[in-house]
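The sequence shown begins at 5 in the numbering used here and counts up one residue at a time. Presented below is the structure to which this report refers.
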Amino acid sequence: MRSDVVIRGVGMTPFGKFLGSSMKDMGRRAALAALEDAGMEVGDIQAVFFANALAGLITGQESIRGETVTYPLGFGTIPVHNVENACASGGNALHLAWLSVASGLYDTVLALGVEKANHEDRARTFRAFGAGMDVEDGFAVGDGAGEDRSPFVDRQARLAQTLFGERGVTMDGLARVTSRSLENARLNPMAHRRFGGSPEDVLKARVVVDPLTVLMSSPISDGAAAAVVTRRPGDRDVRILASRLATRPPKGTAGPGAAKAAGLAAYEQAGLGPGDVDFAEVHDASVAYELLTWSELGLCAPGQEEEWAMTGVTERSGAMPVNVSGGLVGRGHALGASGLAQVHDITQQIRGEAGELQLPHVRVGLAQIGGGVIDWETAASTVHILAGA
Numbered sequence: 005m006r007s008d009v010v011i012r013g014v015g016m017t018p019f020g021k022f023l024g025s026s027m028k029d030m031g032r033r034a035a036l037a038a039l040e041d042a043g044m045e046v047g048d049i050q051a052v053f054f055a056n057a058l059a060g061l062i063t064g065q066e067s068i069r070g071e072t073v074t075y076p077l078g079f080g081t082i083p084v085h086n087v088e089n090a091c092a093s094g095g096n097a098l099h100l101a102w103l104s105v106a107s108g109l110y111d112t113v114l115a116l117g118v119e120k121a122n123h124e125d126r127a128r129t130f131r132a133f134g135a136g137m138d139v140e141d142g143f144a145v146g147d148g149a150g151e152d153r154s155p156f157v158d159r160q161a162r163l164a165q166t167l168f169g170e171r172g173v174t175m176d177g178l179a180r181v182t183s184r185s186l187e188n189a190r191l192n193p194m195a196h197r198r199f200g201g202s203p204e205d206v207l208k209a210r211v212v213v214d215p216l217t218v219l220m221s222s223p224i225s226d227g228a229a230a231a232v233v234t235r236r237p238g239d240r241d242v243r244i245l246a247s248r249l250a251t252r253p254p255k256g257t258a259g260p261g262a263a264k265a266a267g268l269a270a271y272e273q274a275g276l277g278p279g280d281v282d283f284a285e286v287h288d289a290s291v292a293y294e295l296l297t298w299s300e301l302g303l304c305a306p307g308q309e310e311e312w313a314m315t316g317v318t319e320r321s322g323a324m325p326v327n328v329s330g331g332l333v334g335r336g337h338a339l340g341a342s343g344l345a346q347v348h349d350i351t352q353q354i355r356g357e358a359g360e361l362q363l364p365h366v367r368v369g370l371a372q373i374g375g376g377v378i379d380w381e382t383a384a385s386t387v388h389i390l391a392g393a
């Protein structure tokens, strides 16, 4: 495998609830923004890896989702690979894009993620999320799941209870980290939630599934994000030091979960450890998931989550900034695009182009995104480690 694979350009649309926007429109804007950022044309792209999770259930578009979005852009007869892996779809698309260039098959490709998750019939959206679980598994959710909320919220509430019982995390800890994400998102022009919020605001918000309030979970977003991946050298490149995808281990085995397995493999590939990471963007479908992921990735030890939360370790001024973009809780969660949005934001940070959110002296960033649920555990996870040239 080649070790000179880089991200040349990134682009994304704002995330939010855009009932009047189509997948084609959002995909076009993100793809063209990434190409412009890379200083490239449509004709430079040799393949597209297109990520989407919900179009078939929301819009009815199945089978050729990527082709329908890329066709108007004039990519010609190049391959368009459709990638679907729940919330991990965007990260999965980038992994395949990296693999195709690292193997020598292509020189330059585009990873593009688009999600049109919102629908006039809100229950239709909530039911679509339920398809990201093993439908034969039948894991228990509360009344109204899939009708007045995503059933994933019930799973996230269970994770919060695990943190309370096994890790010593408190509601104050969850609220502090949620507030951090909302305040970061307030400064992010691409974010869904730009209103900020104190820990007190978070705790006073409507409870969706006890103990999680509505602000502790990510909003359902529409949006698109893209990255140009190449081995042609340039001046503003961000190197892909590691790209790994892992899935849930068999039930009853002692192996690591998907996020931890992907993280361990990524550290090995990059020749780095958690202590070499300057900042991270991690999956936070809820704030509870984020706190569990800190230890899964080795950023903190199990049991340190409350201390990290209450002392601001993951804030922009802290020792390990996490979700500086606002994360899924603040920036928003457009399933097929979220993993690539993380990469967009890390790339901007490493280049020094993150505006009001810019961190000082960062070189190595980690992106982790999970997807789906099988038997209460994350079905798939990708981890990417990026670094300045």
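A virtual CB, placed ideally from N, CA and C, is assigned to each residue, including glycine.
Contact annotation, Ser107 with Gly330: C-beta distance approximately 35 Å; criterion of less than 8 Å not satisfied. The way I'd put it, the region 113 to 127 doesn't touch the region 251 to 261; fewer than three beta-carbon pairs between them come closer than 8 Å. Taking 8 Å as the upper bound for CB-CB distance, Arg69 and Asn86 are in contact here, some 6 Å apart.
Look at Arg197 here: in three-state DSSP terms it is coil, with no helix or strand label. The straight-line gap separating the alpha-carbon atoms of Phe19 and Arg128 is approximately 20 Å. CA-CA distance, Trp102 to Lys208, rounds to 44 Å. Classified as exposed, Leu23 has fewer than 16 neighbouring CB atoms from the shown chains inside 10 Å of its CB. In terms of Cα proximity to Ala51, the closest of Trp380, Gln353, Val105, Ser183 is Val105. With a cutoff of 8 Å on beta-carbon distance, Gly94 and Gly340 are scored as near each other. Uninterrupted beta strand (DSSP E) stretches at least 3 residues long and entirely within the region 259 to 344 occur at 283 to 286, given in chain order. The straight-line gap separating the alpha-carbon atoms of Ala265 and Gly256 is approximately 16 Å. Boundaries around Val10 are those of the beta strand (DSSP E), 10 to 16, since no alpha helix (DSSP H) includes it. Taking a contact as a CB-CB distance under 8 Å, the pair Leu98 and Gly343 counts as one, their CB atoms being some 7 Å apart.
Using a Cβ distance threshold of 8 Å, Val333 and His388 do not count as a contacting pair.
Judged by beta-carbon spacing, Ala121 lies within the 8 Å limit of Ile62, meaning their Cβ atoms are closer than that value.
Closest option to Arg197, judged by alpha-carbon separation, among Val218, Glu40, Glu381: Val218. Out of Met16, Ala338, Gly80, Asp158, the CA that lies nearest to the CA of Ala34 is found in Met16.
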